[in-house]
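Notes follow the structure.
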Amino acid sequence: MFTRWSCIGLHLAASAILVNAADLPLVRHNDIWRYRKGNSAPQPDWKTAPDTGLDATWLTGNGGLGYADNTTETSLCQTILSDMRGNYSTLYLRKSFQITSVADTDLHLMLTMDWDDGFIAWLDGNYLTSAFVNGAPAEPAFNAAASASHESSNGDSGRQPATTYDLGVVGSRLPVGTHVLAILGLNSSLSGSSDFIQIPDLILGTPGCSPNTFCSDTNWTLANSPYVISNSFAIGTGATLTIEPGVIVQLGAGVNLTVADGGRLLAEGTSNAPIRFTRSGTAGNWGNIAINGTVGSPETRIAYAHFEFNANATGTPCLEVAAGTAYLDHLTFSNTGAPYIHVDGASFIISDCVFPSATAQFELVHGTGGIKSSGHGIFLRNFFGSTIGYNDVVDFTGGNRPDQPIVHFINNVFSGSQDDGVDLDGTDAWVEGNIFMHVHRNGNTPDSSAAVSGGDNSGATSEITIIGNLFFDCDNACTAKQGNFFTFLNNTVVHTTRTGGIDGGSGVVNVRDTTPSLTTFGRGYYLEGNIIVDAEELVRNYDPAQTTVTLNNNILPFAWTGPGTGNSITNPLLMHIPQVSETVFTNWVQAQVMRDWFSLLPGSPAVGAGPNGRDQGGVIPLGASISGEPGGTTSQTNAILVVGVSGYTHYKWRLDSGAWSAETPIAMPIALTSLADGAHRVEVSGKRDSGLYQDDPVFGLGAVVTVSRTWMVQTSVAPLRIDSAERLGNSVVLSFVAHAGVTYTVQCRDGLEASQVWIKVTDVAAQTTTGPINVTDANANASGMRFYRLVSPALP
Numbered sequence: 035m036f037t038r039w040s041c042i043g044l045h046l047a048a049s050a051i052l053v054n055a056a057d058l059p060l061v062r063h064n065d066i067w068r069y070r071k072g073n074s075a076p077q078p079d080w081k082t083a084p085d086t087g088l089d090a091t092w093l094t095g096n097g098g099l100g101y102a103d104n105t106t107e108t109s110l111c112q113t114i115l116s117d118m119r120g121n122y123s124t125l126y127l128r129k130s131f132q133i134t135s136v137a138d139t140d141l142h143l144m145l146t147m148d149w150d151d152g153f154i155a156w157l158d159g160n161y162l163t164s165a166f167v168n169g170a171p172a173e174p175a176f177n178a179a180a181s182a183s184h185e186s187s188n189g190d191s192g193r194q195p196a197t198t199y200d201l202g203v204v205g206s207r208l209p210v211g212t213h214v215l216a217i218l219g220l221n222s223s224l225s226g227s228s229d230f231i232q233i234p235d236l237i238l239g240t241p242g243c244s245p246n247t248f249c250s251d252t253n254w255t256l257a258n259s260p261y262v263i264s265n266s267f268a269i270g271t272g273a274t275l276t277i278e279p280g281v282i283v284q285l286g287a288g289v290n291l292t293v294a295d296g297g298r299l300l301a302e303g304t305s306n307a308p309i310r311f312t313r314s315g316t317a318g319n320w321g322n323i324a325i326n327g328t329v330g331s332p333e334t335r336i337a338y339a340h341f342e343f344n345a346n347a348t349g350t351p352c353l354e355v356a357a358g359t360a361y362l363d364h365l366t367f368s369n370t371g372a373p374y375i376h377v378d379g380a381s382f383i384i385s386d387c388v389f390p391s392a393t394a395q396f397e398l399v400h401g402t403g404g405i406k407s408s409g410h411g412i413f414l415r416n417f418f419g420s421t422i423g424y425n426d427v428v429d430f431t432g433g434n435r436p437d438q439p440i441v442h443f444i445n446n447v448f449s450g451s452q453d454d455g456v457d458l459d460g461t462d463a464w465v466e467g468n469i470f471m472h473v474h475r476n477g478n479t480p481d482s483s484a485a486v487s488g489g490d491n492s493g494a495t496s497e498i499t500i501i502g503n504l505f506f507d508c509d510n511a512c513t514a515k516q517g518n519f520f521t522f523l524n525n526t527v528v529h530t531t532r533t534g535g536i537d538g539g540s541g542v543v544n545v546r547d548t549t550p551s552l553t554t555f556g557r558g559y560y561l562e563g564n565i566i567v568d569a570e571e572l573v574r575n576y577d578p579a580q581t582t583v584t585l586n587n588n589i590l591p592f593a594w595t596g597p598g599t600g601n602s603i604t605n606p607l608l609m610h611i612p613q614v615s616e617t618v619f620t621n622w623v624q625a626q627v628m629r630d631w632f633s634l635l636p637g638s639p640a641v642g643a644g645p646n647g648r649d650q651g652g653v654i655p656l657g658a659s660i661s662g663e664p665g666g667t668t669s670q671t672n673a674i675l676v677v678g679v680s681g682y683t684h685y686k687w688r689l690d691s692g693a694w695s696a697e698t699p700i701a702m703p704i705a706l707t708s709l710a711d712g713a714h715r716v717e718v719s720g721k722r723d724s725g726l727y728q729d730d731p732v733f734g735l736g737a738v739v740t741v742s743r744t745w746m747v748q749t750s751v752a753p754l755r756i757d758s759a760e761r762l763g764n765s766v767v768l769s770f771v772a773h774a775g776v777t778y779t780v781q782c783r784d785g786l787e788a789s790q791v792w793i794k795v796t797d798v799a800a801q802t803t804t805g806p807i808n809v810t811d812a813n814a815n816a817s818g819m820r821f822y823r824l825v826s827p828a829l830p
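So this is what it looks like as structure tokens:
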């Protein structure tokens, strides 16, 4: 049931509002309040005097009350204190209310506060509760300040949902008559604070359930859609709000949806019936959705959903995951003037979403605080539009091996940026199978732009594994500065150029920034198995005395004279090198043509020349690789298989869909013995240096195993038989079945006498498949009679 319909202000399109009879609103934040600016001490009895006894310094206005430097934060305030900053740090406010009949004494008195920065509350002069007030329960001085900063639910950063204080059973505290709720609000400073908010509500209610909160499981059905929400609300601890596919949720101006720690939102639409979050009416913007939590909090799931008309502020994301757990899949967004998702100290999977190019200056997705303990952070198969100016497409900070979860970027498309594609300061990461395009320093970006970039963060550095990616038309594929180290394996990098931007240089990898001031160098790079075509420099800002960059077994456009070996300067024979104009894509599927274009033509020197026998370059399967399996048919019952490559620490394997092995170090090969006759194959799951196996279910469709080639073991000797012999002129054509993987010699002699010697006609090499084969003896007319036989294996 809905426990707080009356407070939430939710209604069906043509239904009455339901009210929980056990709840009794006493004071609403949008009532008419009396308030006094704290530029001097108030009359001593201000907390208990009747309204008629207040002096002339008291004003009247609609609640809530406050000010901010943006309209989103004050969207629930009807009285704006435009003169507060610099003039007074406190605000006195009070609301009288009537009790006309004795209330149920077992109900709880509950005060809900949405505030910035502190408050202290009294009922009829008796202390109730406080937050960030020094000396409480004593009344602070009129010029006091809050003891700490606290953001309201619509705050710019670090926002906090409204808090409900359960003040215990009401007992005899509310006899029939007039009562006064009095609150003193405190700002964090007289002049230095950009905002101040006081939004109070007081009710008598059932224990454990706050106003504006769903406290039990609730379903929103398609049959009752649309759902119109006029006030902000929360999904309480232990409660689940389930929204059916196709439902439309219409939210009023400034309305927020908060998932409390322990609560859960299940809003899973389908491709044919997405859920839509939009505004009610034809004007204004609702707020956002905040998903709160701690370690072990339940997973909120939002899938196949569209968001429009959310808060149009560059500091307010449409979705904020604050230490919560969230699965966000197939989401689309219409408001291109505000960030799409923030993930702060959270556990998350963000998959198959479309993030449009920004029309204001913000980062499309932002994250701080790393990933919470026992959680995961995965960006999978998303399409990212471009940013404007000094804003990265994804800026994520926090998480280092070996003790913390690290972030993964797998199979995403980044279509452009005027700063960095992925910025990872002091943050370890796994970056695999992505497509990065059109990353050029532009606008007000003061330093270099790179597809993957990282500096330090409070002393922490980044170690990033970058494997199997495609880079096209970027200033720099990577920037590793300030002690960072990147491992760059099996990538294809084409057209590394500053053309299209304002930077003074470019390079495949960059080891420091020189603008707006010099940074320290990165610790370095290791590059192996890459294909690099059309680059201004290989290593930008290189100083071998300051950093270590090693290149092994790469195809390069020109010579590298630094550390490394096995590099070649040759044409890799890519299928197609596009013009920049050919690479303007609007969705993930369109961009996959880059994999076709950067694949290898027959005869390419990169075929099979990469690590562990893979191709060089970025057009490779996800996951670890296998080499050493026999080809075709063999009589050998033993085999040694090697699992690679760098970036993987361990693996598990199984033979012929049998049981999985124990975890095995990557340096230890697979030793197969006593194989039975028949077909065999090996499956492998590599353990990434992030600590997750490549087939972990958290990777969804990207959870794959690596499968070896299938080979045949045949230990029994097949009968050696020539099936037919036909004379054609002076030649004889012999036909027989050649078994895969087996070599033969065809011999002849002119009689059966012991004196006749068998002479080699020809050898037959091992075939890849079993099947008939013809051998011609062009010299058959040299004798009147000739006998033939097969010998296997072939004779020397």
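Letter by letter, the sequence shown follows residues 35 to 830 of this note's numbering. The beta carbon of each residue, even a glycine, is placed where N, CA and C say it ideally should be.
Close-in-space but distant-in-sequence residues of the same chain around residue i (CB under 8 Å, 5 per side omitted)
i      : result
Leu115 : Lys71, Leu99, Gly100, Tyr101, Leu125, Phe230
Thr584 : Gly558, Tyr559, Tyr560, Leu561, Gly596, Pro597, Gly598
Ser74  : Thr91, Phe176
Ala772 : Tyr778, Val798, Gln801, Thr804, Gly805, Pro806, Ile807
Leu656 : Ile444, Asn445, Glu466, Gly467, Gly502, Gln728, Gly736, Val738
Ala55  : Its pLDDT being 38, under 50, Ala55 is placed unreliably in this model, and the value from its coordinates should be taken loosely. Excluding positions up to five away in sequence, the list is empty.
Asn672 : Ala705, Leu706, Thr707, Ser708, Leu709
6 Å Cβ shell around residue i - same chain, five flanking residues per side excluded
i      : result
Phe341 : Phe311, Cys352, Phe367
Asn815 : Asn764
Gly662 : Ile674, Leu675, Val676
Same chain only: Cβ atoms within 7 Å of residue i, ignoring 5 sequence neighbours per side
i      : result
Pro480 : Tyr424, Thr549, Pro550
Ser451 : Ser420, Thr421, Asp426, Val427, Val473, Ser483
Thr796 : Val780, Val809
Ser826 : Leu754, Val776, Thr777, Tyr778
Leu291 : Phe267, Ile323
Proximity to residue i [Cα-Cα], best of the options
i      : options                        : result
Thr240 : Thr393, Leu145, Gly152         : Leu145
Ser765 : Thr359, Ile565, Ala257, Asp811 : Asp811
Phe153 : Phe413, Ser222, Gly477, Leu93  : Ser222
Val716 : Gly539, Ala294, Thr749, Pro703 : Pro703
Trp594 : Gly541, Pro612, Ser615, Val399 : Gly541
Ile11  : His529, Asp577, Thr683, Asp453 : Outside the shown range of the chain (35 to 830) lies residue 11, about which nothing can therefore be said.
Gly600 : Thr620, Pro827, Ala640         : Ala640
Val377 : Pro664, Val355, Ala170         : Val355
Asn491 : Gln516, Asp507, Thr499         : Gln516
Gly432 : Gly401, Arg415, Phe448, Phe417 : Gly401
Leu93  : Leu110, Arg68, Ser135          : Arg68
Asp85  : Gly97, Asp103, Ile66           : Ile66
Cβ pair residue i, residue j closer than 8 Å
i      : j      : result
Leu162 : Leu218 : no
Gly556 : Val573 : no
Arg532 : Asp568 : no
Thr359 : Ser381 : yes
Asp711 : Thr744 : no
Status (buried if at least 16 other CB within 10 Å, exposed otherwise) for residue i
i      : result
Leu735 : exposed
Met746 : buried
Leu44  : A caution first: Leu44 carries a pLDDT of 47, below 50, which makes its placement in the model unreliable, though a value can still be read off. Its Cβ being crowded by 16 or more others within 10 Å, Leu44 is buried.
Ile412 : buried
Leu127 : buried
Trp25  : Residue 25 is absent from the structure shown; the chain starts at 35 and stops at 830.
Gln670 : exposed
Lys81  : buried
Ile323 : buried
Lys406 : buried
His610 : exposed
Met147 : buried
8 Å Cβ cutoff, residue i in contact with chain C
i      : result
Gly379 : This model lacks chain C altogether; it includes just one protein chain.
Tell me, please, whether the segment 276-286 touches the segment 305-325 by the rule of three or more beta-carbon pairs shorter than 8 Å. yes
Any contact between the segment 251-259 and the segment 220-238? By contact I mean 3 or more CB pairs, one from each, below 8 Å. no
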